[in-house]
Amino acid sequence: MGLTRKGFARGLAALALAATLGAPVPGARAADDPAQIVHVYGVYNHGFRALTIAARYAVTPDGYAVRSTTRSGGLLGLLVRMNITAQATGRFVPDGVQPLTFDSAGYSRGADRHVVLDYSGGQTRIALQTPPEPSRDPIPATDLAPAMDSLSALMRLQQTVRAHHQCDGSATVFDGARLLRMSAHTIGTQDMDADSRQPYKGPALRCDFNDLQIAGFRKSDGPDAAARKPVNGSVWFQDVPGDGLTIVRIAFDHPKLGHMTVLLLPDAA
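The sequence shown maps to residues -30 to -1, 1 to 239 in mature numbering (1 follows the signal peptide of the UniProt record, and there is no 0).
Given below as structure tokens:
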């Protein structure tokens, strides 16, 4: 199955799982604090590393700040160039998270892109989107209003896993172009096979997830387009020494890209 620029971008919603699920350092105060924990993930397609995602975290009992950088590389980087930095802040509330800021900027889908979301008034709106996306169907404001950015949605998932050892829940997510419905449910603890590319194996908490685009389709996307098909996959959490429950592996099948694997890499990777 060939790797295309359009299809690769569609896969980023699921790949974002790797960008926000490391463990925080207690007492952290700022996303650029050098004491912050940094996790690096490799994203593999057909055995080749396609992306590297590095995430830095700052979490307090009241809120969070996350910064992630996603870069293409290897042989696949010659076909699809990507370099995106996303930043999000928010508060923890009794029923999950309350996003405060989101900013994503960098090169993707053949252009320099910048998206800023505004959460004032308790509703999500696009404060900045460059360049515009005239080839996509507009997303009604009422549909966008309950959405959150992917970093905040997955920070909520992390908190659920760490607090309750389960991951059941769903969220409406806006990635800057597409509106997605993402859901997860707990499978339970099971053995995770060894993978020579990382040191993690053995008992792990497995959660299965589903990512379905519900708005922001390209005008050329017909009823059978890949964009309208769900992305299904699994994510495994292990208790990483010094970090706590952390995502160590993600695997999913993409309707255009085929099988994808996301691995937490050793510090030297």
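Ideal Cβ positions, reconstructed from N, Cα and C, are used throughout, including at glycine.
Buried versus exposed call for residue i [16 or more other C-beta atoms within 10 Å across all chains shown]
| i | result |
| --- | --- |
| T231 | buried |
| A(-8) | At A(-8) the pLDDT is 35, less than 50, meaning the model places this residue with poor confidence; the figure from the coordinates comes in the next sentence. When all chains shown are included, A(-8) counts as buried. |
| F18 | exposed |
| A197 | buried |
| T94 | buried |
| P108 | exposed |
| D161 | exposed |
| H9 | buried |
| G212 | exposed |
| H224 | buried |
| A141 | buried |
| D88 | exposed |
| D145 | buried |
Rounded distance between the beta-carbons of residue j and residue i, thought under 8 Å
| i | j | result |
| --- | --- | --- |
| A117 | L149 | 6 Å |
| L233 | D165 | 7 Å |
| G33 | R79 | Rounded, the Cβ-Cβ distance is 31 Å, inconsistent with contact. |
| L70 | R41 | Wrong, their Cβ atoms sit about 26 Å apart, outside the cutoff. |
| F222 | N202 | 6 Å |
According to DSSP, residues forming a beta bridge with residue i
| i | result |
| --- | --- |
| Y27 | V36 |
| V13 | L21, V232 |
| P83 | Note on residue identity: the sequence assigns Arg, not Pro, to residue 83. DSSP lists G76 as partners of R83. |
| Q68 | R61 |
| G91 | According to DSSP, which records beta bridges pairwise, G91 is partnered with nothing at all. |
Cβ-Cβ distance between residue i and residue j below 8 Å
| i | j | result |
| --- | --- | --- |
| Q208 | A174 | yes |
| D181 | H155 | no |
| A81 | P101 | yes |
| V205 | I220 | yes |
| V36 | M125 | yes |
| R176 | G158 | yes |
| L215 | Y11 | no |
Of all the beta strand (DSSP E) runs that stay within the bounds of the segment 152 to 224, which reach a length of 3 or more residues?
The segment 152 to 224 contains these whole beta strand (DSSP E) runs: 172 to 185, 201 to 210, 214 to 224.
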